[in-house]
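Participant:
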Amino acid sequence: MEKCALTPHGRRYACKAAEHLGLLPALNNAEKLIGSFGKNIPNFANKNVKALLFPKTAAIQNTHRFYGIAASEMSNALNDYLAGKDANSALREASERADKRVAEAQSGAK
Numbered sequence: 001m002e003k004c005a006l007t008p009h010g011r012r013y014a015c016k017a018a019e020h021l022g023l024l025p026a027l028n029n030a031e032k033l034i035g036s037f038g039k040n041i042p043n044f045a046n047k048n049v050k051a052l053l054f055p056k057t058a059a060i061q062n063t064h065r066f067y068g069i070a071a072s073e074m075s076n077a078l079n080d081y082l083a084g085k086d087a088n089s090a091l092r093e094a095s096e097r098a099d100k101r102v103a104e105a106q107s108g109a110k
């Protein structure tokens, strides 16, 4: 495995966290850190640790300008369901509220 780059301080901490704690770094150019992932963790010895890591991440999801409205109403529907409301009723009401809010947003944008 490659040796971690030990400078600057933030990268040094990320290196130690990757090697000793099994924490993945949230850094740009973290290939060397990922290469030493779990190096000093006994349970990872003689294991294919790279199989735990994703070499490529998925593309960022494209969202519509009304995505926030729909997500908010879906969250409200989930809360209603968890509070005891019937799932179909919660979803129908959330859909109606979302449709109304989208229509208001569209009419306000014109």
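Position 38 of the sequence shown, counting from 1, maps to 38 under UniProt numbering, and the rest follow consecutively. For each residue, glycine too, the CB sits at the ideal point set by N, CA and C.
(1) If you draw a straight line from the C-alpha of residue 60 to the C-alpha of residue 54, how long is it?
(2) Let me know the secondary structure DSSP gives residue 48 once reduced to three states.
(3) If I follow the unbroken alpha helix (DSSP H) through residue 80, where does it start and stop?
(4) Hey, out of 78, 73, 67 and 13, whose CA is closest to residue 96's CA?
(5) Between the alpha carbons of residue 80 and residue 12, how many angstroms are there, rounded?
(6) By how many angstroms is the C-alpha of residue 26 removed from the C-alpha of residue 85?
(7) Can you have a look at residue 31 and say buried or exposed, based on whether 16 or more other CB atoms are within 10 angstroms of its CB?
(8) Between residue 38 and the rest of its own chain, which residues show a CB-CB distance below 6 Å, the 5 nearest in sequence each way excluded?
(9) Mark residue 104 as exposed unless 16 or more other C-beta atoms lie within 10 angstroms of its C-beta, in which case mark it buried.
Facilitator: Quick look at the numbers:
(1) Spanning the alpha carbons of residue 60 and residue 54 requires a straight line of approximately 15 Å.
(2) In the three-state DSSP reduction, residue 48 falls in the coil class, being neither helix nor strand.
(3) That run of the alpha helix (DSSP H) goes 67–82.
(4) If we check each option's Cα against that of residue 96, 73 comes out closest.
(5) Approximately 46 Å, taken between the alpha carbons.
(6) Going by the C-alpha atoms only, they are around 40 Å apart.
(7) So residue 31 ends up on the exposed side.
(8) So the qualifying residues of the chain are 22, 44 and 49.
(9) Under this definition residue 104 is an exposed residue.
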